[in-house]
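Enquirer: Quick one: this structure, given as structure tokens, is what I'll be asking you about.
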Amino acid sequence: MSDTANIDSTAPRKMPSDTGQSGASTSAAPRDVYDAGLAQATQDETRWKARAGLASNLRLACFAALLFVGWMAFGTHAISRSWAALPTIGFIVLIIFHDRVLRQEARAIRIRRFYEDGLARLNNEWAGRGDDGDRYRDPSHPYAEDLDVFGPGSMFELLATTRTTTGCDRLATWLCEAAEPETIRERQQAVTELRPGLSMRLEMAIAGDESDSATQQEALARWATAPAAGLSAALRFVAIALSSCSLGALALWFFSESGPVPFALAVVVQGLFALVLRSRVQPVLAAAETPVGALARTASLLGCVEDAEFSSTLLARLNTELQTTGRPPSGELDALQKLVDRRDSRNNQFFAPIAALLLWGTHAAISLECWRARCGPRLAIWIDAAGEIEALSAFAGYAYEHPQDPFPEILDEGSAFEGEALGHPLLPSDRCKRNDLSLGSLPQALVMSGSNMSGKSTMLRTVGCNTILALAGAPVRATRLRVSPLRLTASIRIVDSLQDGQSHFMAEVTRLRQVVEISRGDPKALFLLDEILHGTNSHDRLIGAEAVLKGLIAQGALGIVTTHDLALTQMVPASKGQMANVHFEDHLQDGVMEFDYALRQGVVEKSNALELMRSVGLDV
Numbered sequence: 153m154s155d156t157a158n159i160d161s162t163a164p165r166k167m168p169s170d171t172g173q174s175g176a177s178t179s180a181a182p183r184d185v186y187d188a189g190l191a192q193a194t195q196d197e198t199r200w201k202a203r204a205g206l207a208s209n210l211r212l213a214c215f216a217a218l219l220f221v222g223w224m225a226f227g228t229h230a231i232s233r234s235w236a237a238l239p240t241i242g243f244i245v246l247i248i249f250h251d252r253v254l255r256q257e258a259r260a261i262r263i264r265r266f267y268e269d270g271l272a273r274l275n276n277e278w279a280g281r282g283d284d285g286d287r288y289r290d291p292s293h294p295y296a297e298d299l300d301v302f303g304p305g306s307m308f309e310l311l312a313t314t315r316t317t318t319g320c321d322r323l324a325t326w327l328c329e330a331a332e333p334e335t336i337r338e339r340q341q342a343v344t345e346l347r348p349g350l351s352m353r354l355e356m357a358i359a360g361d362e363s364d365s366a367t368q369q370e371a372l373a374r375w376a377t378a379p380a381a382g383l384s385a386a387l388r389f390v391a392i393a394l395s396s397c398s399l400g401a402l403a404l405w406f407f408s409e410s411g412p413v414p415f416a417l418a419v420v421v422q423g424l425f426a427l428v429l430r431s432r433v434q435p436v437l438a439a440a441e442t443p444v445g446a447l448a449r450t451a452s453l454l455g456c457v458e459d460a461e462f463s464s465t466l467l468a469r470l471n472t473e474l475q476t477t478g479r480p481p482s483g484e485l486d487a488l489q490k491l492v493d494r495r496d497s498r499n500n501q502f503f504a505p506i507a508a509l510l511l512w513g514t515h516a517a518i519s520l521e522c523w524r525a526r527c528g529p530r531l532a533i534w535i536d537a538a539g540e541i542e543a544l545s546a547f548a549g550y551a552y553e554h555p556q557d558p559f560p561e562i563l564d565e566g567s568a569f570e571g572e573a574l575g576h577p578l579l580p581s582d583r584c585k586r587n588d589l590s591l592g593s594l595p596q597a598l599v600m601s602g603s604n605m606s607g608k609s610t611m612l613r614t615v616g617c618n619t620i621l622a623l624a625g626a627p628v629r630a631t632r633l634r635v636s637p638l639r640l641t642a643s644i645r646i647v648d649s650l651q652d653g654q655s656h657f658m659a660e661v662t663r664l665r666q667v668v669e670i671s672r673g674d675p676k677a678l679f680l681l682d683e684i685l686h687g688t689n690s691h692d693r694l695i696g697a698e699a700v701l702k703g704l705i706a707q708g709a710l711g712i713v714t715t716h717d718l719a720l721t722q723m724v725p726a727s728k729g730q731m732a733n734v735h736f737e738d739h740l741q742d743g744v745m746e747f748d749y750a751l752r753q754g755v756v757e758k759s760n761a762l763e764l765m766r767s768v769g770l771d772v
């Protein structure tokens, strides 16, 4: 095996701490680390929830005290108006404190879910919990529908710890398009370097809002490059001056005998200023509302790269692309997030009067426009880099949770698929039967026979799924795998269409045409055909299948075809070694059909069809 298959797993020179929430080292078994992290996160969540409740009650009490003091000072004149300052300050402090506590509680909840999801994957309970990528499904794709790339219980759902739209898109693309050998090796190196960084993946997972959508990403890009709204930095000084005058007039009213007239005049002038700018301020505030959810997560992803010194080529290149003069991209995005949070503060029913007095919305709009003028043109680059980091992190998480799965050896040329102890990556390890399988110059193709339920279709998917992982840059379910650049194509799950007026046989023929067309391109094809042409009579099936297989072999394609029709196996001896027969067996024990799912050489010698029919009560 080449050196690329045994990449040095040394951690980068400077990385985020490789400890989880519990502080446990990631050198321990993933299950132990996740269990400890879950226990700590649950404890933290309980503690922050109690503090949030206390802060809420104190804030309510402080507000009640403010109302009482106000009534005593302004209603009965029993006390000085200066007494209102104490509950006012306390209320503002408690608002800030309560907000921080709520953030910590939300963080603890997300950390708990991170570890719960990790344990679900280790316990084979992950199906239905995550993003299944159903939006990426394409019936015309050469293999995605046949190999469970998307949908419930799919490869995407198993791998997709990605949360941003860009990261999900990047991961989906990698699973659907084979990369070039050099690109694959770069991803392998990056994944190897990221694999021990559990804390980094944790921070990526918990950053930002719970949801992120394509709408947010698109809105963020549009907002960043939209024409300027005409809110110059000079207007900030005018807004500060007017707000200061209003606050000063309010203080004079409280602490002297000046009366409300100065304050009222200041508010009127301030209101006129806000009214004049309203047509420019409101569109800016509204435009920044939709994309907020992606900001914190994108900043976290970029921060992981900015603060680390990587040795792998891909991560080092991403790091270089993100280098800027002044504040780094993550800092700029953090600043934007804070600006948006400040804007949102005015929506608090208790803070709204104070926000109006301070021209809060106007200040926020001016700050947002200044940020956009400074960073808007580079935002698309940052988002794209964050998506790639997130997709690499998804592979790293899979590699961390499956330490026994190696990276494959990627050949630069030729046509080869050589696997030892191949297993299906979507099956739990204790139920995953391993088999060796080799395709290359001799044999190019395997004719796989066997009884029903013996494992033929699963073997096709095992080869296909591992090929997808290998050519995407991820570890594979095997002890060893050598694979060349291949164009994967499959005909396994054929569905007829009543709406399109297409029969099952016609759908299969259409897919076979696609397989043949792909085999004519470069690199060579890897075809996986399940029960080829089983929708027609045996005579036509034999003639058609032989013609298709001979054509595929003539094009240099590698592949496997399964069949119940043993007549098809008779073409193997005449292939001069280009094809070989393999099979799965079964045996009946105490009236129960037993399968060992072991791949054997040669043609199957018996069928279980009659036994299966009798087992369900059919008189045959």
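Going left to right, the sequence shown walks through residues 153 to 772 as my numbering numbers them.
Built from N, CA and C at the ideal position, the CB exists for glycine as well.
1. Tell me the DSSP secondary structure of Met605 in three-state form.
2. Let me know if Gly280 comes out buried or exposed under the rule of 16 or more other beta-carbons within 10 Å of its beta-carbon.
3. So, is Ala719 buried or exposed, given that buried needs 16 or more other C-beta atoms within 10 angstroms?
4. Which ranges does the alpha helix (DSSP H) cover as unbroken runs of at least 4 residues, wholly within the stretch 603-645, from first to last along the chain?
5. Just grab the DSSP bridge partners of Glu570 for me.
6. Could you work out which residue in Tyr267, Arg494, Arg322, Asp486 is closest to Ala193 when comparing CA atoms only?
7. Does the Cβ of Glu746 lie closer than 6 Å to at least one heavy atom of the ligand PLP?
8. How would you label Ser606, buried or exposed, when you count the other beta carbons within 10 angstroms and need 16 or more for buried?
9. So which of Arg586, Asp184, Ala207 has the shortest CA-CA distance to Gly242?
10. Below 8 Å on the Cβ atoms is my contact criterion, and I expect His735 with Val756 to pass it. Report the Cβ-Cβ distance as a whole number of Å.
11. DSSP three-state label for His293, please.
12. To which residues does DSSP link His739 through a beta bridge?
13. Smallest Cα separation from Thr614: which of Lys585, Ala697, Asp536?
14. With DSSP collapsed to three states, give me the class of Pro753.
15. Need the endpoints of the beta strand (DSSP E) that Val713 sits in, please.
16. Shortest alpha-carbon distance to Tyr288 belongs to which of Phe308, Ser643, Gly270?
17. I'd like to check one pair, Glu572 with Arg632: are the Cβ atoms closer than 7 Å?
18. Using only CA atoms, which one of Thr344, Asp300, Ala659, Asp582 lies nearest to Phe559?
19. How is Ala597 classed by DSSP in three states: helix, strand or coil?
20. With H, G and I counted as helix, E and B as strand and the rest as coil, what does DSSP make of Leu681?
21. With a threshold of 7 Å on Cβ separation, who are the neighbours of Asp286 within its own chain once the five nearest residues in sequence on each side are excluded?
22. If you check the beta carbons only, do Tyr295 and Thr641 fall under 7 Å apart?
23. When the Cα atoms are used, what is the spatial distance from Glu521 to Gly539?
24. Have a look at Val221, Ala237, Leu238 and flag the residue whose alpha-carbon is nearest the alpha-carbon of Ala230.
25. Output the distance between the C-alpha atoms of Thr162 and Arg347, rounded to the nearest integer angstrom.
26. Per DSSP, what are the beta-bridge partners of Glu561 in this structure?
27. Among all the DSSP beta bridges, which residues are the ones paired with Met731?
28. Could you name the residues of the same chain whose beta carbon sits closer than 6 Å to that of Asn733, not counting the 5 residues immediately before and after it, in chain order?
29. Is it a yes or a no for the stretch 306-324 touching the stretch 588-603, going by three-plus beta-carbon pairs under 8 Å?
Expert: Result, derived from the coordinates:
1. For the purposes of this step, residue 605 is identified with residue 453 of the sequence shown, where counting begins at 1. In this structure, Met605 counts as coil in the three-state DSSP scheme.
2. Against the sequence shown, residue 280 aligns to sequence position 128. When all chains shown are included, Gly280 counts as exposed.
3. On the sequence shown, position 567 is the one that residue 719 refers to. By the neighbour-count rule (16 or more Cβ atoms within 10 Å), Ala719 is not buried but exposed.
4. Runs of the alpha helix (DSSP H) lying entirely within the stretch 603-645 and spanning at least 4 residues, in chain order: 608-624.
5. Position 418 of the sequence shown, counted from the first residue, corresponds to residue 570. Glu570 is bridged to Ser590, Arg634.
6. Stepping through the sequence shown from its first residue, residue 193 is reached at position 41. Comparing Cα-Cα distances from Ala193 to each of Tyr267, Arg494, Arg322, Asp486, the minimum goes to Tyr267.
7. In terms of ligand content, the structure shown is empty, and the ligand PLP therefore cannot be addressed.
8. In the sequence shown, residue 606 corresponds to position 454, counting from 1. Label assigned to Ser606: buried.
9. For the purposes of this step, residue 242 is taken as residue 90 along the sequence shown, with counting starting at 1. For the residues Arg586, Asp184, Ala207, the minimum Cα distance to Gly242 belongs to Ala207.
10. Taking the first residue of the sequence shown as 1, we reach residue 735 at position 583. Taking the first residue of the sequence shown as 1, we reach residue 756 at position 604. Their Cβ separation, rounded to whole angstroms, is 4 Å, which keeps His735 and Val756 in contact under 8 Å.
11. Reading the sequence shown from its first residue, position 141 is the one you call residue 293. Looking at His293 - three-state DSSP - the assignment turns out to be coil, as it is neither helix nor strand.
12. Position 587 of the sequence shown holds residue 739. For His739, which the question treats as bridged, DSSP gives the partners Glu746.
13. In the sequence shown, residue 614 corresponds to position 462, counting from 1. Comparing Cα-Cα distances from Thr614 to each of Lys585, Ala697, Asp536, the minimum goes to Lys585.
14. Counting from one through the sequence shown, the residue named residue 753 turns up at place 601. Before going on, a small fix: residue 753 reads as Gln here, not Pro. It is a strand residue.
15. As a position in the sequence shown, residue 713 is number 561, starting the count at 1. Judged by DSSP secondary structure, Val713 falls within the beta strand (DSSP E) whose first and last residues are 710-715.
16. Start at 1 with the first residue of the sequence shown, and residue 288 comes out as number 136. It is Phe308 whose Cα lies nearest to the Cα of Tyr288.
17. For the purposes of this step, residue 632 is taken as residue 480 along the sequence shown, with counting starting at 1. For the purposes of this step, residue 572 is taken as residue 420 along the sequence shown, with counting starting at 1. Yes, Cβ-Cβ distance for Arg632 and Glu572 is below 7 Å.
18. Residue mapping note: residue 559 aligns to position 407 of the sequence shown, counting from 1. Across the set Thr344, Asp300, Ala659, Asp582, the C-alpha of Thr344 shows the shortest separation from the C-alpha of Phe559.
19. Counting from 1 along the sequence shown, the entry for residue 597 is found at position 445. Ala597 falls in the strand class under three-state DSSP.
20. In the sequence shown, residue 681 corresponds to position 529, counting from 1. For Leu681, the three-state secondary structure derived from DSSP is strand.
21. The residue labelled residue 286 in the question sits at position 134 within the sequence shown. In its chain, beyond the 5 residues on either side, Phe302, Gly303 have a beta carbon closer than 7 Å to the beta carbon of Asp286.
22. By one-based count along the sequence shown, residue 295 stands at place 143. By one-based count along the sequence shown, residue 641 stands at place 489. The Cβ-Cβ distance between Tyr295 and Thr641 falls below 7 Å.
23. The residue you call residue 521 lines up with position 369 of the sequence shown. The residue you call residue 539 lines up with position 387 of the sequence shown. When rounded, the distance between both Cα atoms is 25 Å.
24. Along the sequence shown, read from residue 1 onward, the residue named residue 230 stands at position 78. Of all alpha-carbon atoms in Val221, Ala237, Leu238, the one lying nearest the alpha-carbon of Ala230 is that of Val221.
25. Taking the sequence shown and counting its residues from 1, the one referred to as residue 162 is at position 10. Taking the sequence shown and counting its residues from 1, the one referred to as residue 347 is at position 195. Confidence in Thr162 is poor, its pLDDT being 33 and thus under 50, which makes the residue's placement too unreliable to answer from.
26. Working through the sequence shown from its first residue, we reach residue 561 at position 409. Its beta-bridge partners are Arg634.
27. Taking the first residue of the sequence shown as position 1, residue 731 is located at position 579. Residue pairing of Met731 in beta bridges, as defined by DSSP: Ala597.
28. Position 581 of the sequence shown, counted from the first residue, corresponds to residue 733. Scanning its chain for C-beta atoms nearer than 6 Å, with the 5 sequence neighbours on each side dropped, one finds around Asn733 the residues Val599, Thr721, Val724, Gly754, Val755, in chain order.
29. Counting C-beta pairs closer than 8 Å gives fewer than three between the stretch 306-324 and the stretch 588-603, which falls short of the contact rule.
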